Amino acid sequence: MQRTYHCWESPALGRPMELLVFGHAGAPVIVFPTSRGRFFEYEDRAMVASLGHHIEQGWIQLYCVDSVDAESWYCGWIHPRDRLRRHDQYEHYILDEVLPFIHHQNPNPFIMVHGCSFGATHAMLFGLRHPTRFSRVLAFSGLMDIRSFMDGYHDQEVYFHNPVEFIGGLQPGEYADALRRLDIIMAIGRDDELAPSNAALSEALWRKGIWHAMRWWDGWAHDWPYWQQMIRIYINGAD
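Using our numbering, you'd call the opening residue of the sequence shown number 348 and step up by one each time.
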């Protein structure tokens with residue numbers, strides 16, 4: 348399996364950012380790590396190995412990015428608005444730096460965003476906020492209501508960073524039409540404490556006529572062995 352390491356000084360974030368690429372061809376998959384996780388986590392947790400056949404066959408190519416969660420969502424000592432501001436800088440890093448890097452490496456236009464736990468929150472945010480830039484969202488065991496990170500603070504920016512809220516208030520138009528073309532797959536355990544936020548987002552999506560796959564797993568299912576199974580099942584789309 349082809350494996351390459353890349354690092355550059357990010358203009359958006361003002362610091363070096365690292366990533367790993369697995370594979371030589373196929374649909375690109377941007378992989379976000381779990382809460383405050385690192386770019387090598389997906390490999391260390393045997394998720395790359397779980398997709399080994401897909402990667403070696405040239406069906407997919409993984410781009411495992413780093414996070415700045417400790418500087419944004421989990422940075423409790425700064426104002427919630429500043430947490431969002433740092434996340435927006437990360438968003439610019441992904442959209443303005445990682446995506447062009449992918450396009451230079453791989454001409455395949457079908458780009459997926461994927462993550463587990465808080466990585467799923469990132470994947471869903473990128474997919475829903477920028478549906479014309481991505482083709483599929485694979486979100487496993489993620490939080491879909493981010494208000495718990497805002498310490499009670501709320502404004503328009505919080506609204507537009509919160510999937511449950513901005514999908515609930517979605518109006519007809521080109522943006523809504525683009526969301527209907529996005530392939531959205533969520534999977535989570537029924538006993539996961541994050542399950543209610545997934546149910547709420549699923550309900551909001553259906554109310555707006557946005558097709559998606561909401562896959563409920565028995566038990567807690569919030570751990571790597573479950574996610575290894577999930578990715579093998581859903582990487583090719585909803586069953």
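C-beta atoms are modelled at their ideal positions from N, C-alpha and C, and glycine is treated no differently.
Remember, it's a predicted structure, so these values are computed and weren't measured experimentally.
Own chain partners of residue i with C-beta closer than 6 angstroms, once the 5 adjacent residues on each side are dropped
i: P510; result: M471, L475, M491 and L548
i: I557; result: L526 and R527
i: D498; result: P427
i: C354; result: P363 and E365
i: W571; result: R392
i: L351; result: Note on identity: in this sequence residue 351 is Thr, with Leu being the wrong assignment. So the qualifying residues of the chain are V368.
i: F473; result: V460
8 angstroms CB neighbourhood of residue i in its chain, flanking five on each side removed
i: D413; result: M364, E365, L366, P380, R385 and F386
i: A585; result: D530, I532, A560 and R562
i: H569; result: S464, S488, I535, G536, D539 and L541
i: H501; result: R494
i: S357; result: P363, M364, Y440 and E444
Beta strand (DSSP E) segment containing residue i, residue limits
i: W558; result: From DSSP, W558 is part of no beta strand (DSSP E); its letter is neither H nor E.
i: T468; result: Here T468 belongs to no beta strand (DSSP E); instead the alpha helix (DSSP H) covers F465 to R476.
i: H426; result: H426 -> no beta strand (DSSP E), and no H or E assigned at all.
i: I493; result: Looking at the DSSP string, I493 is not in any beta strand (DSSP E), and its letter there is neither H nor E.
i: E356; result: R350 to S357
i: Y500; result: Taken as a continuous stretch (DSSP letters only), Y500 belongs to no beta strand (DSSP E), as it is neither H nor E.
i: Q452; result: Counting along the chain, Q452 falls outside any beta strand (DSSP E), though it belongs to the alpha helix (DSSP H) covering L446 to Q452.
i: F487; result: R483 to F487
i: Q408; result: I407 to V412
Candidates the options: closest to residue i by CA position
i: H559; options: G516, P519, D530 and N583; result: D530
i: L431; options: E504, H400 and E550; result: E504
i: Y522; options: K555, E418, H353 and N545; result: K555
i: F481; options: G520, R433, P456 and V415; result: P456
i: F369; options: E356, W355 and G399; result: G399
i: S544; options: H477, R483, A467 and V484; result: A467
i: L485; options: E388, I580, Q452 and I425; result: I580
i: V460; options: T351, T479 and H451; result: T479
i: G305; options: E388, V415 and H477; result: In this structure the chain extends from 348 to 586, so residue 305 is not present and cannot be described.
i: L517; options: Y573, H450 and W553; result: W553
Test item: CB-CB of residue i and residue j under 8 angstroms
i: F496; j: W420; result: yes
i: Q296; j: A393; result: As shown, the chain starts at 348 and ends at 586. That puts residue 296 outside it, with no answer to give.
i: Q349; j: G373; result: no
i: A551; j: I582; result: no
i: C411; j: E390; result: yes
i: V376; j: G462; result: no
i: S397; j: I578; result: yes
i: E418; j: R433; result: yes
Cβ-based neighbour list, residue i, same chain, cut-off 7 angstroms, excluding 5 preceding and 5 following
i: A359; result: Q436, H439, Y440, D443 and E444
i: E512; result: Y506
Boundaries of the alpha helix (DSSP H) in which residue i is found, first to last residue
i: D524; result: E521 to R528
i: F369; result: From DSSP, F369 is part of no alpha helix (DSSP H) but of the beta strand (DSSP E) over R362 to F369.
i: P510; result: P510 to G515
i: V395; result: M394 to S397
i: P572; result: W571 to Y581
i: D391; result: E388 to D391
CB contact check: residue i to chain B, cutoff 8 angstroms
i: S488; result: In the structure shown, chain B cannot be found, because there is only a single protein chain.
Checklist entry - Given 8 angstroms as the limit, is there contact between the region 440-451 and the region 397-405, that is, 3 or more CB pairs closer than that? => result no
Checklist entry - Given 8 angstroms as the limit, is there contact between the region 528-541 and the region 560-579, that is, 3 or more CB pairs closer than that? => result yes
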